[in-house]
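Taking it in order: structure first as structure tokens, then the write-up.
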Amino acid sequence: MIDPASTTLPLQLSSEEFEALVVEELDQLPDEMVDGLVNVVFVVEDRPEDGGLDLLGLYDGLALTERDRYGMGELPDRIIVYREPHLAQCETMEELRDEVHTTLVHEIAHFYGIDDERLHELGWA
Numbered sequence: 136m137i138d139p140a141s142t143t144l145p146l147q148l149s150s151e152e153f154e155a156l157v158v159e160e161l162d163q164l165p166d167e168m169v170d171g172l173v174n175v176v177f178v179v180e181d182r183p184e185d186g187g188l189d190l191l192g193l194y195d196g197l198a199l200t201e202r203d204r205y206g207m208g209e210l211p212d213r214i215i216v217y218r219e220p221h222l223a224q225c226e227t228m229e230e231l232r233d234e235v236h237t238t239l240v241h242e243i244a245h246f247y248g249i250d251d252e253r254l255h256e257l258g259w260a
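For my numbering, count along the sequence shown from 1 and bump the result up by 135.
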């Protein structure tokens with residue numbers, strides 16, 4: 136594991152630049168994938184709570200397949216994309232865009248109830 140305190144990242148993007156890239160990649164996703172996202176917000180954070188650089192994204196919510204009573208007044212589910220882990224794992228902007236795209240698809244799939252095993256089978260994990 137990379138020591139979070141002594142990391143020089145191969146790519147350097149500010150939080151604002153990375154967030155803009157995430158929005159661009161989100162806009163590139165098919166309408167069929169994003170139209171069903173109800174009460175979901177996308178958040179960019181520097182790192183996961185543990186400070187590590189291994190986790191690229193996280194779906195924080197209840198999968199659509201597990202909801203029975205869900206409606207008014209519920210806090211939105213969150214899809215979190217972590218900036219520094221992405222920057223640590225990518226050497227070029229093209230790699231970064233591809234990895235952000237994959238992370239978005241992966242976390243959106245969790246919203247729809249697709250687990251990691253199935254995502255591995257499909258090549259999105």
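Backbone N, C-alpha and C define an ideal beta-carbon position, used for all residues, glycine too.
Within the continuous beta strand (DSSP E) that includes residue i, where are the two ends?
i	result
Ile214	Asp212 to Tyr217
Asp195	Gly192 to Asp195
Closer than 6 Å by C-beta to residue i: which residues in its own chain qualify, once you throw out the five before and the five after it? Chain order, please.
i	result
Gly248	Ala198, Leu199 and Thr200
Val176	Pro211 and Arg213
Between which residues of its own chain and residue i is the CB-CB distance below 8 Å, once the five residues before and five after are set aside?
i	result
Val240	Leu164, Met168 and Trp259
Leu172	Ile243 and Phe246
Glu160	Arg232, Val235, His236 and Leu239
Please classify residue i: does DSSP put it in a helix, a strand, or coil?
i	result
Val173	coil
Ala140	In this prediction, Ala140 scores a pLDDT of 44, lower than 50, which makes its location untrustworthy; the coordinate-derived value is nonetheless stated afterwards. Helix.
Glu180	strand
By the DSSP assignment, the alpha helix (DSSP H) with residue i in it spans what residues?
i	result
Ala155	Ser150 to Gln163
Arg253	Asp251 to Leu257
By Cβ distance below 7 Å, which residues in the same chain neighbour residue i in space, the five residues on each side in sequence not counted?
i	result
Phe153	Val179 and Arg218
Round the Cβ separation of residue i and residue j to the nearest angstrom and send it over; I've been treating them as touching at under 8 Å.
i	j	result
Arg182	Gly196	So it is not a contact: roughly 20 Å between Cβ atoms.
- Any chance the region 212-223 sits against the region 179-189, with 3 or more Cβ pairs inside 8 Å? By the criterion of at least three beta-carbon pairs nearer than 8 Å, the region 212-223 is in contact with the region 179-189.
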